[in-house]
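S.K.: Have a look at this one.
Protein chains in written order, with my numbering: chain S, 1 to 325; chain W, 1001 to 1328; chain C, 2001 to 2350.
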């Protein structure tokens, strides 16, 4: 589990505006920046920003491993067909577990479970967050009050203990339970950020123009507002995916996921159960943990890069010598 | 004043939400888990204890749901959380009492350290933009803040405990040899046992403080009043602290509240890895041992602790920012 | 007292350096009031901050010099500048809401400024703070207030009071009236002029409101796209503008008295300073553009006591290279009385 980084004040009462707001196109603020523009600009920005490139590369590696594990690891992850507790070798890149399974295979095949959780929860939680955040900002009044209250309460209630208890009651569910439970509880942080930005957009000129044209509220929300928030929505997805990975792995680690699924978290669970660190099999614990850290770092780097892209003031500054006239 | 009242109202609401969750969860789960628990312990529980459990979990009762809710709330407010099943016949409250100080010590000290060091480093890093410190800080800490807490713990166990053998890696003190109390050996052992878990917690949490502080500081440094302070010829240190940092830290304090949830998770996982006898470890034991009364009470306890910490952060913000005071 | 010579400021952007200020030169005599006007983005605020050495990266001075009271200011560190700052040179910014520290009381900020310059006695600090506040018509009880508790006009005035703490020789003002309503604007201007006459400091006053400043300034500088378009005694620039841009600016303001005339703006928009046009920067929008305007960038020409960057006046003497700007009030202007071929402007030359 790691803590959220944000380059911007996320409390909506501190500043009504988030620096994550998409910078307007050069020229007047009046034109609505279309979503395709935003995506193209993001593409360019990703290529030029070092952190973004690093993050993208890492993510790509993991995606590849999740989609085509058979190409990278030749053994079956669950077959306990080998001599247990072997060290690193060319036959077994990471050695074998105490049950005689190939660790490299487990690691590679486990990627799929992690990526599924990351993307499904990421998308679902972001979807909920967008729905609630933008609705609260646009409906205003009592709706806003209630939705914001709900969001804030969920934000404050310690989620991990809650997840532990729910998973405990469910006697450790499989991946589906994990996904459901995490999605339902973790959308509040990003919902708050999205609401903040939606609020600050309410009074932008191009929205006024849409209102004056007589467009209906729903149309305005879907067609005008949400595309403008693209960069924050992408950042929210990254945040939610990151937390999904960390929460899920942590739950699996303490034994509340299904211990028979192939995943990094479950590898850690078995490693801990077999006292891997103390009995000379450090790779069993270190390798999956390193992967979680790397995937987490990929999401975090991309998120950080998005902060810099959205707020040019944060970009790296080369210290220059003052020219003497 | 209105501001304070609104905040208090929010806290009460959150507490109520946590209580209600506690109430609803066992009743909503398929096959009320409490039934299984009760049948396990059937003959051993006294009638008073049995009743307390029934109220908490809604078994063997013919009352309607709302009536159950009322008696549940009543019981909770009289501080009766029932017996701990793992540690029977100790009551839940006494079990928790034995564990809180370990967690408060570990988490409290580490969070304060992380906040102080992290904020300080963030301020300096932003002030000397483009300098050596600033080019190293963001990438390094972006990565450290993505490291899962438990993994950091495991790495430390491996390096310092197993390989180098410098520091102990299990428990809060040497259970077999130490006698808890006011003696030097006990203190020393407590300290030596606390170092690795504290380091794990510190390394993984400090990143966020540094990065958020740095980023808000950078935005603040671009403000007109900082430029004005330079124009007045104020010494650099004063501008950095009094004009920039004092303003930059405000959003951080609000963010502190949100990050508490993560500190809690981190504490739980790290205590697990190190078998550190705090509240987090207790929670995990309770879940694995199906000690439902203990679980429930711990959840409430942790929620209250988080709310209290938020309250402190709010007070600090009100003290530092005159705008919140007058805005009401 | 102040000599600015060939000042050039660039912003280092990813797509290349953007020259926000190019080759600005002027002299300032003690007690003089210079107004600087122009559209948003013409570089006037940047020039102001460059003079006060308050630029932040990515902006930096890439050419020219600023000599204040005989000392060169460019390239000095903040520490070296501290001795001069506020004592001899103070700054008033556009929005006091943003320029005053929101978490400190006004009095505390006055105190910081005074302590930074060696005034430590509490009595002295309190006394002087109260005195400057009274000078701008604010009750000293507001020393305890925070900036968000004061009205807009009061905030601006307390900023001016703060600028007066050491009765500096030069006060630089960046659009101090822009955030106020029309009535408050005028009363603030009167107050500023009054203070100037009492205390004798020089002012460089940047604004987009030409008519406002022209009642109070001694000389007026019109900037366009980072360059000086026209510069000279206010009455001359205002009554008989020579640069087509200045003419356009003036015609954009309706006059309350006088015949009704159609309001003309200036069509088009200012050039992108990352890729400035070859030739005159105003050529794309100029109603009196000639063919050579698009290819030959005009230098600054001397037309009587006014400098103007327009090829319409190129037969005049060219203003000499940086170091000896020939437009100061103290020096007698040379040249160009006769030979006004090509100039459509009549008279006004001395």
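For glycine and all other residues, C-beta sits at the position ideal for the given N, C-alpha and C.
Here the structure is a predicted model, which is why all the values come from computation and not from measurement.
If you run the structure through DSSP and keep just helix, strand and coil, what is residue 68 (chain S)?
M.R.: One-based indexing of the first chain puts residue 68 (chain S) at position 68. Of the three classes helix, strand and coil, the one that applies to residue 68 (chain S) here is coil, per DSSP.
S.K.: Alpha carbon to alpha carbon, what distance is there between residue 2195 (chain C) and residue 1014 (chain W)?
M.R.: Numbered from 1 along the second chain, position 14 holds the residue referred to as residue 1014 (chain W). Numbered from 1 along the third chain, position 195 holds the residue referred to as residue 2195 (chain C). Using only the alpha carbons, I get a separation of about 57 Å.
S.K.: Return yes when the Cβ of residue 85 (chain S) is within less than 8 Å of the Cβ of residue 278 (chain S), no when it is not.
M.R.: As a first step, residue 278 (chain S) is located in the first chain; it is residue number 278 there, counting from the start. As a first step, residue 85 (chain S) is located in the first chain; it is residue number 85 there, counting from the start. Contact flag unset, no.
S.K.: How about residue 1314 (chain W): is its C-beta nearer than 8 Å to some C-beta of chain C?
M.R.: Within the second chain, residue 1314 (chain W) is the residue found at index 314, counting from 1. It does not: the Cβ of residue 1314 (chain W) has no partner Cβ on chain C nearer than 8 Å.
S.K.: With which residues is residue 2028 (chain C) paired in a DSSP beta bridge?
M.R.: To locate residue 2028 (chain C), count along the third chain from 1; it is residue 28. Residue 2028 (chain C) is bridged to C:2002.
S.K.: From the DSSP secondary-structure annotation, give me the bridge partner or partners of residue 2419 (chain C).
M.R.: Chain C is shown from 2001 up to 2350; residue 2419 (chain C) falls before or after that span and cannot be answered.
S.K.: So with CB distances below 7 Å, who are the chain S contacts of residue 1162 (chain W)?
M.R.: Here the question's residue 1162 (chain W) lines up with position 162 in the second chain. Correct list: 277, 278.
S.K.: With DSSP collapsed to three states, give me the class of residue 24 (chain S).
M.R.: In the first chain, counting from the first residue as 1, residue 24 (chain S) sits at position 24. Here the model assigns residue 24 (chain S) a pLDDT of 32, short of 50, so the residue's position is not dependable, and the following value carries that caveat. The answer is coil: DSSP assigns residue 24 (chain S) none of H, G, I, E or B.
S.K.: Is the beta carbon of residue 1294 (chain W) sitting closer than 8 Å to the one on residue 1104 (chain W)?
M.R.: On the second chain, position 294 is the one that residue 1294 (chain W) refers to. On the second chain, position 104 is the one that residue 1104 (chain W) refers to. Against a cut-off of 8 Å, the Cβ pair of residue 1104 (chain W) and residue 1294 (chain W) comes out as no contact.
S.K.: So the candidates are W:1108, W:1076, W:1017; which of them puts its Cα closest to the Cα of residue 1093 (chain W)?
M.R.: Numbered from 1 along the second chain, position 93 holds the residue referred to as residue 1093 (chain W). Checked all of W:1108, W:1076, W:1017; the closest Cα to residue 1093 (chain W) is W:1076.
S.K.: Would you mind reading off the limits of the alpha helix (DSSP H) that contains residue 247 (chain S)?
M.R.: Translated into the one-based positions of the first chain, residue 247 (chain S) becomes position 247. Here the alpha helix (DSSP H) through residue 247 (chain S) covers 230-253.
S.K.: List the residues of chain W that residue 2093 (chain C) touches, going by C-beta distances under 7 Å, in chain order.
M.R.: Your numbering for residue 2093 (chain C) matches position 93 in the third chain. What residue 2093 (chain C) touches in chain W: 1224, 1228.
S.K.: Is DSSP giving residue 2181 (chain C) helix, strand or coil here?
M.R.: Along the third chain, read from residue 1 onward, the residue named residue 2181 (chain C) stands at position 181. Three-state result, residue 2181 (chain C): coil.
S.K.: So residue 1123 (chain W) contacts chain S; which residues on that side make the cut at Cβ distance below 9 Å?
M.R.: Here residue 1123 (chain W) is taken as the residue at index 123 of the second chain, counted from 1. Within chain S, no residue comes near residue 1123 (chain W); the closest Cβ sits about 15 Å away, beyond 9 Å.
S.K.: Consider the Cβ of residue 2082 (chain C): report whether some Cβ of chain W lies at a distance smaller than 8 Å.
M.R.: In the third chain, residue 2082 (chain C) corresponds to position 82, counting from 1. Chain W, which has a Cβ nearer than 8 Å to the Cβ of residue 2082 (chain C), makes this yes.
S.K.: Does the contact criterion of 3 or more C-beta pairs under 8 Å hold for the region 2198-2217 of chain C versus the region 2160-2178 of chain C?
M.R.: yes
S.K.: Just to confirm, are residue 1018 (chain W) and residue 1274 (chain W) a CB contact at a threshold of 8 Å?
M.R.: Sequence index remark: in the second chain, residue 1018 (chain W) carries index 18 (1-based). Sequence index remark: in the second chain, residue 1274 (chain W) carries index 274 (1-based). Result no, Cβ atoms of residue 1018 (chain W) and residue 1274 (chain W) do not sit closer than 8 Å.
S.K.: Of the choices C:2258, C:2263, C:2308, whose alpha-carbon is the least far from that of residue 2280 (chain C)?
M.R.: For the purposes of this step, residue 2280 (chain C) is taken as the residue at position 280 of the third chain. Selected option, being the one with the closest Cα: C:2308.
S.K.: Taking a cut of 9 Å between CB atoms, which residues from the region 1132-1156 of chain W lie near chain S?
M.R.: 1134, 1135, 1138, 1139, 1141, 1142, 1143, 1144, 1145, 1146, 1147, 1148, 1149, 1150, 1151, 1152, 1154, 1155
S.K.: For residue 152 (chain S), decide whether its Cβ has a neighbour in chain W, counting only Cβ atoms nearer than 8 Å.
M.R.: Taking the first residue of the first chain as position 1, residue 152 (chain S) is located at position 152. For residue 152 (chain S), the answer is yes, since a Cβ of chain W falls inside 8 Å of its Cβ.
S.K.: Give a yes or no on whether the minimum CB-CB distance between residue 1002 (chain W) and chain S is below 8 Å.
M.R.: In the second chain, residue 1002 (chain W) corresponds to position 2, counting from 1. Cβ-Cβ to chain S under 8 Å: no for residue 1002 (chain W).
S.K.: What is the DSSP secondary structure of residue 122 (chain S), counted as helix, strand or coil?
M.R.: As a working mapping, residue 122 (chain S) is identified with position 122 in the first chain. Of the three classes helix, strand and coil, the one that applies to residue 122 (chain S) here is helix, per DSSP.
S.K.: Check whether the Cβ atoms of residue 2102 (chain C) and residue 2065 (chain C) sit closer than 8 Å, and answer yes or no.
M.R.: On the third chain, position 102 is the one that residue 2102 (chain C) refers to. On the third chain, position 65 is the one that residue 2065 (chain C) refers to. Contact flag unset, no.
S.K.: Is the number of C-beta pairs between the region 113-122 of chain S and the region 255-265 of chain S that are closer than 8 Å three or more?
M.R.: yes
S.K.: Assuming residue 228 (chain S) contacts residue 201 (chain S) under a Cβ cut-off of 8 Å, what Cβ separation, rounded to an integer in Å, is found between them?
M.R.: Here residue 228 (chain S) corresponds to residue number 228 of the first chain, with the count starting at 1. Here residue 201 (chain S) corresponds to residue number 201 of the first chain, with the count starting at 1. Right, their Cβ atoms sit about 6 Å apart.
S.K.: Run through chain C and tell me which residues come within less than 9 Å of residue 1086 (chain W), C-beta to C-beta.
M.R.: Here residue 1086 (chain W) corresponds to residue number 86 of the second chain, with the count starting at 1. Going along chain C, no residue has its Cβ under 9 Å from residue 1086 (chain W), so there is no contact; the nearest lies around 50 Å.
S.K.: Looking at the unbroken alpha helix (DSSP H) that takes in residue 224 (chain S), where does it start and where does it end?
M.R.: On the first chain, position 224 is the one that residue 224 (chain S) refers to. Careful: residue 224 (chain S) lies outside any alpha helix (DSSP H) and carries neither H nor E.
S.K.: Could you tell me the distance, in whole angstroms, from the CA atom of residue 1284 (chain W) to the CA atom of residue 1291 (chain W)?
M.R.: Residue mapping note: residue 1284 (chain W) aligns to position 284 of the second chain, counting from 1. Residue mapping note: residue 1291 (chain W) aligns to position 291 of the second chain, counting from 1. C-alpha separation (whole angstroms): 10 Å.
S.K.: Considering only their Cβ atoms, is the gap separating residue 2143 (chain C) from residue 2105 (chain C) smaller than 8 Å?
M.R.: Sequence index remark: in the third chain, residue 2105 (chain C) carries index 105 (1-based). Sequence index remark: in the third chain, residue 2143 (chain C) carries index 143 (1-based). Closer than 8 Å, so yes.
S.K.: Residues of chain W with CB under 8 Å from residue 166 (chain S), in chain order?
M.R.: Here residue 166 (chain S) is taken as the residue at index 166 of the first chain, counted from 1. Neighbours of residue 166 (chain S) on chain W, chain order: 1025.
S.K.: Over the uninterrupted beta strand (DSSP E) stretch that includes residue 2089 (chain C), give me the two end residues.
M.R.: To locate residue 2089 (chain C), count along the third chain from 1; it is residue 89. That run of the beta strand (DSSP E) goes 2089-2092.
S.K.: Between the Cα of residue 1226 (chain W) and the Cα atoms of C:2012, C:2045, C:2056, which residue gives the shortest distance?
M.R.: As a working note, residue 1226 (chain W) is residue 226 in the second chain. Residue 1226 (chain W) has its Cα closest to that of C:2056, out of C:2012, C:2045, C:2056.
S.K.: So with Cβ pairs under 8 Å, would you call residue 2195 (chain C) a contact of chain W?
M.R.: Numbered from 1 along the third chain, position 195 holds the residue referred to as residue 2195 (chain C). Not closer than 8 Å to any Cβ of chain W, the Cβ of residue 2195 (chain C) fails to qualify, so no.
S.K.: Check whether the region 2117-2135 of chain C touches the region 2158-2166 of chain C, taking contact to mean three or more Cβ pairs, one atom from each stretch, closer than 8 Å.
M.R.: yes
S.K.: If the criterion is Cβ atoms closer than 8 Å, does the pair residue 2050 (chain C) and residue 2007 (chain C) meet it?
M.R.: As a position in the third chain, residue 2050 (chain C) is number 50, starting the count at 1. As a position in the third chain, residue 2007 (chain C) is number 7, starting the count at 1. Yes, the Cβ-Cβ distance between residue 2050 (chain C) and residue 2007 (chain C) is below 8 Å.
S.K.: Take the Cβ of residue 178 (chain S) as the centre, count every other Cβ of all protein chains shown within 10 Å, and call the residue buried at 16 or more, exposed below.
M.R.: Taking the first chain and counting its residues from 1, one reaches residue 178 (chain S) at position 178. That one is buried.
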